[in-house]
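Numbered continuously in my numbering, the sequence shown closes out at residue 606.
Here the structure comes first, spelled out in structure tokens, and everything after it is commentary.
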Amino acid sequence: MTTRPLALFALALLVAPAAPAPGAADDKKSDAPKVTFETVRPILAKRCAKCHTGERPRGELDVTTFGAIMQGGVSGKAVVAGKPADSPLYTLTAHLEDPKMPPNSPKIPQTELDALRKWIEDGLVEKAGTAAAATSVAPTTKVPDGITKADPLPRATPVTALAVAPASPLAAVPGKKQVLVYDLATGKLLGGLPFPEGEVHALRFSRDGKLLLAAGGVGGQSGAVVGFEVGTWKRRFAVADDTDAVLAADVSADGTRVVFGGPGRVVKVVSVPDGKVLHTLRKPTDWVLSVGFSPEGLLVAAGDRFGGLYVWEAKSGKEFAVLRGHTKAVTALAWRADSDALASASEDGTVRVWDLHTVAESAKWEAHPEGALDVAWHAAGALATAGRDGQLRVWDQKGKKVADLGPAGDAVLRVGFTPDAKGVAAGDWSGRVAVWPVAGGEPVPVALPVSAKAATLALIPVPTPALPIAAAVRPGPAPLAVGAAALQAELARKRAALKAVEDAAEKLKDEAAHDPKNAALAKAYLQLCEAALVVKAEVVEAEAALAATKEVRK
């Protein structure tokens with residue numbers, strides 16, 4: 053019979069024997085080194101992580117990080133410092149209470165239980181040299197501090213993040229494990245801020261312009277949110293997430309809290325610089341693509357890939373509103389300066405403005421029929437949007453179009469107003485960054501440091517169907533006619549090869565969509581897309597050569 057009803061743990065953890073007898077051994081106990089989370093982490097990973105990690109951990113308890121364990125699960129605290137008997141993480145795995153963990157399995161080895169019990173008794177120390185029950189999750193890797201020389205990109209890459217400072221001509225875009233910082237007034241590249249944690253997926257300047265936030269990581273492995281002090285460009289904090297890359301992040305107006313989300317389908321609010329997890333918000337049902345604090349810091353909003361849009365009270369973590377209307381992914385959020393209204397952009401093509409007093413939609417318009425990918429709201433009141441149609445547009449808050457800019461070279465992924473609202477900086481899928489004058493005129497390009505060396509494409513074997521080429525080799529008509537026949541056969545082979553590559557790419561695309569965390573599938577798909585472009589170019593050349601031959605014959 054269950055002695056404590058816990059929906060919390062379908063756990064696979066550890067516990068220990070009865071407390072040691074008092075005596076001389078107790079005197080030595082205080083001198084022994086404390087057991088840290090780094091000691092018990094491998095045990096938890098081996099015994100418990102199968103159920104208690106990922107997008108929806110069992111009982112909403114994640115045991116893979118120190119901060120997550122401190123957060124607990126749906127039934128409350130998992131561990132209580134100094135009190136193993138009051139820590140379900142210990143009592144359930146020691147089989148002292150039901151449900152016994154791991155479920156339907158014998159008790160885990162006693163040495164592992166001893167380690168867990170000792171860790172709890174020692175005060176839940178995260179790592180050597182830190183205080184008991186500390187919650188810092190900052191990465192320990194030593195990284196260069198300050199701005200450095202920008203590393204060249206191997207090729208033009210999609211501009212997946214862009215930030216423009218609110219009161220100075222500074223802009224930031226992703227580089228090669230760097231954040232590239234520009235002076236938009238001169239177009240000069242100031243340098244790169246090291247981001248060894250992985251790829252940069254989100255950039256944001258604080259509302260006072262004193263902090264630049266960069267977020268990203270390694271897909272399926274780790275994520276990070278780093279704050280750089282504008283001017284000195286030194287790291288002020290680095291908050292780590294051990295589960296997946298961070299796709300969206302924002303910093304509160306007072307600089308004391310960070311909110312972020314990603315493929316894990318949760319939104320986390322943490323304090324900085326200590327990294328203490330204040331709230332874990334589990335309302336989203338798909339990847340979190342957009343987050344943002346309201347300007348006064350009272351609310352925090354998030355949008356997910358399924359079209360969900362949610363608002364919580366930032367201090368308490370209590371749900372404030374669920375804003376229903378978008379039918380596809382909510383790709384971006386932007387707050388009005390007075391915090392009374394929130395704008396959201398979506399793959400359904402619309403931009404919607406929400407009144408947070410009435411918790412209702414106050415405006416809606418079709419901004420980019422093929423999908424709206426970003427929205428920015430200037431303090432003066434104008435909104436800028438970007439879309440898959442390659443266009444940038446400026447609107448008033450009721451949806452009346454003010455300016456139609458573009459087309460850009462490809463789908464526009466990110467936009468941001470210059471401080472005076474006279475220009476809109478934008479980055480697109482082709483890797484182009486430019487500032488577009490709102491009044492009209494040619495855009496001013498911002499040159500990214502792309503290596504002059506041509507990229508080498510990986511050779512991917514593609515089955516080429518055997519086609520008859522007898523007409524190309526048998527004796528017959530004039531040499532010109534023979535050449536035309538050979539060109540026709542060559543063109544047929546290339547078209548067949550192109551179809552084979554495109555079919556293989558389409559199949560990989562479907563597989564990657566069903567397994568979004570499989571980096572190998574995504575990489576293979578991209579390689580096939582590149583190969584398809586090469587073969588397509590050869591088809592075009594062959595068609596041109598054949599057409600020229602026919603023209604000569606005439």
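For each residue, glycine too, the CB sits at the ideal point set by N, CA and C.
**Study point:** Closest by C-alpha distance to G279, when choosing among D296, G261, Q273
**Key:** Stepping through the sequence shown from its first residue, residue 279 is reached at position 227. Considering only alpha carbons, the answer is G261.
Point to revise | Buried or exposed by the 16-neighbour rule on C-beta atoms within 10 Å, applied to A224 | key: As a working note, residue 224 is residue 172 in the sequence shown. A224 should be labelled buried.
Exercise for review: Kindly say whether D462, judged by its beta-carbon, lies nearer than 7 Å to any beta-carbon of chain B.
Suggested key: Looking for chain B here will not work: only one protein chain is present.
**Study point:** Span of the alpha helix (DSSP H) around Q162
**Key:** Here residue 162 refers to the residue found at position 110 of the sequence shown. Looking at the DSSP string, the run of the alpha helix (DSSP H) that includes Q162 is 162–173.
Check your understanding: Is R287 buried or exposed, if buried means 16 or more other CB atoms sit within 10 Å of its CB?
Key -> Indexing the sequence shown from 1 puts residue 287 at position 235. With 16 or more Cβ atoms within 10 Å of its Cβ, R287 is classed as buried.
**Study point:** In DSSP terms, what V319 is bridged to
**Key:** Residue numbering aside, residue 319 sits at position 267 when the sequence shown is read from its first letter. According to DSSP, V319 bridges with G313, L333.
Exercise for review: With a 10 Å radius around its C-beta and 16 neighbouring C-beta atoms as the bar for buried, classify A77 as buried or exposed.
Suggested key: Within the sequence shown, numbered from 1, the residue matching residue 77 stands at position 25. Annotation note: pLDDT 45 at A77 (below 50); position unreliable, coordinate value reported separately. Exposed, by the Cβ-count rule.
Practice item. Round the Cβ separation of L465 and G483 to the nearest angstrom and send it over; I've been treating them as touching at under 8 Å. Key: One-based indexing of the sequence shown puts residue 465 at position 413. One-based indexing of the sequence shown puts residue 483 at position 431. Rounded, the Cβ-Cβ distance is 10 Å, inconsistent with contact.
Review point. Between the Cα of A395 and the Cα atoms of R357, E348, W447, which residue gives the shortest distance?
Key: For this step, residue 395 is matched to residue 343 along the sequence shown. Ranking R357, E348, W447 by Cα distance to A395 puts W447 first.
Review point. Can you list, in chain order, the residues of its chain whose CB lies under 8 Å from that of K588, leaving out five sequence neighbours each side?
Key: Taking the sequence shown and counting its residues from 1, one reaches residue 588 at position 536. L550, listed in sequence order.
Check your understanding: Can you give the Cα-Cα distance for A584 and R440, rounded to whole angstroms?
Key -> The residue labelled residue 584 in the question sits at position 532 within the sequence shown. The residue labelled residue 440 in the question sits at position 388 within the sequence shown. For A584 and R440, the distance between alpha carbons rounds to 22 Å.
Review point. Around the C-beta of H409, are 16 or more other C-beta atoms found within 10 angstroms, so that it is buried, or is it exposed?
Key: Taking the first residue of the sequence shown as position 1, residue 409 is located at position 357. H409 comes out exposed.
Check your understanding: If you compare alpha carbons, which of R357, T383, K152, K201 is closest to L500?
Key -> Position 448 of the sequence shown, counted from the start, is the residue given in the question as residue 500. Looking at the Cα atoms, K201 is the closest of the given residues.
Check your understanding: DSSP puts D480 in a beta bridge; with which residues?
Key -> By one-based count along the sequence shown, residue 480 stands at place 428. In DSSP, D480 forms a bridge with V464.
**Study point:** Buried or exposed (CB count within 10 angstroms, at least 16 for buried), Q230
**Key:** Position 178 of the sequence shown, counted from the first residue, corresponds to residue 230. Result: buried.
Point to revise | Residue environment, T145, which counts as buried when at least 16 other CB atoms sit within 10 Å | key: One-based indexing of the sequence shown puts residue 145 at position 93. It counts as buried.
Exercise for review: Could you tell me whether the Cβ atoms of D400 and K380 are closer together than 7 Å?
Suggested key: The residue given as residue 400 occupies position 348 in the sequence shown. The residue given as residue 380 occupies position 328 in the sequence shown. In this structure, K380 lies closer than 7 Å to D400 by Cβ.
**Study point:** Selection from P151, A384, D390, A290 that minimises the alpha carbon distance to G349
**Key:** Counting from 1 along the sequence shown, the entry for residue 349 is found at position 297. Ranked by Cα distance from G349, the options P151, A384, D390, A290 are led by D390.
Check your understanding: Mind checking V592: buried by the 16 CB within 10 Å criterion, or exposed?
Key -> Here residue 592 corresponds to residue number 540 of the sequence shown, with the count starting at 1. So V592 counts as exposed.
Check your understanding: Do I172 and S220 have their C-beta atoms within less than 7 Å of each other?
Key -> Within the sequence shown, numbered from 1, the residue matching residue 172 stands at position 120. Within the sequence shown, numbered from 1, the residue matching residue 220 stands at position 168. Contact: no.
Point to revise | Status (buried if at least 16 other CB within 10 Å, exposed otherwise) for D326 | key: Counting from one through the sequence shown, the residue named residue 326 turns up at place 274. With fewer than 16 other Cβ atoms inside 10 Å of its own Cβ, D326 counts as exposed.
Check your understanding: Heavy atom of the ligand MN less than 6 Å from the Cβ of F289, yes or no?
Key -> Ligands displayed in this structure: none; no statement on the ligand MN is therefore possible.
Review point. Considering only the beta carbon of each residue, do A133 and G175 sit closer than 7 Å?
Key: Along the sequence shown, one-based indexing puts residue 133 at 81. Along the sequence shown, one-based indexing puts residue 175 at 123. The Cβ-Cβ distance between A133 and G175 falls below 7 Å.
Practice item. Under 6 Å Cβ to Cβ from V490, same chain only, skipping five residues before and after it: list those, please. Key: By 1-based counting over the sequence shown, the position of residue 490 is 438. Same-chain partners within the cutoff: V446, A455, K474.
Exercise for review: Using three-state DSSP, classify K559 as helix, strand or coil.
Suggested key: Reading the sequence shown from its first residue, position 507 is the one you call residue 559. If DSSP states are grouped into helix, strand and coil, K559 belongs with the helices.
Check your understanding: For the putative contact between V321 and V277, defined by C-beta atoms under 8 Å, what is the C-beta separation to the nearest angstrom?
Key -> Residue numbering aside, residue 321 sits at position 269 when the sequence shown is read from its first letter. Residue numbering aside, residue 277 sits at position 225 when the sequence shown is read from its first letter. Between V277 and V321 the Cβ distance is about 11 Å, and since that is not below 8 Å, they are no contact.
Review point. Shortest alpha-carbon distance to G239 belongs to which of V485, R108, R547?
Key: Counted from its first residue, the sequence shown places residue 239 at position 187. The option with the nearest alpha carbon to G239 is V485.
Point to revise | Simplified DSSP state of Q230, which is helix, strand or coil | key: Position 178 of the sequence shown, counting from 1, holds the residue named residue 230. It is a strand residue.
Point to revise | DSSP three-state assignment for L241, whether helix, strand or coil | key: Numbered from its first residue, the sequence shown carries residue 241 at position 189. Here L241 sits in strand by DSSP.
Review point. Which class does T143 belong to by DSSP, given the choice of helix, strand or coil?
Key: Locating residue 143 in the sequence shown gives position 91, where the first residue counts as 1. Helix, per DSSP.
Review point. In whole angstroms, what separates the C-alpha of E494 from that of F469?
Key: Here residue 494 refers to the residue found at position 442 of the sequence shown. Here residue 469 refers to the residue found at position 417 of the sequence shown. About 16 Å.
**Study point:** Cβ pair A301, A353 closer than 7 Å
**Key:** Locating residue 301 in the sequence shown gives position 249, where the first residue counts as 1. Locating residue 353 in the sequence shown gives position 301, where the first residue counts as 1. No, they are not a contact pair.
Practice item. Along the beta strand (DSSP E) that carries V92, what are the first and last residues, could you check? Key: On the sequence shown, residue 92 is found 40 positions in, with the first residue counted as 1. Where V92 is concerned, there is no enclosing beta strand (DSSP E), although the alpha helix (DSSP H) it sits in stretches over 89–99.
Check your understanding: Which residues mark the beginning and the end of the beta strand (DSSP E) in which A301 is found?
Key -> Position 249 of the sequence shown holds residue 301. Segment 300–303, the beta strand (DSSP E) holding A301.
Review point. Buried or exposed: where does V411 fall if 16 or more other Cβ atoms within 10 Å of its Cβ makes it buried?
Key: The residue given as residue 411 occupies position 359 in the sequence shown. Under this definition V411 is an exposed residue.
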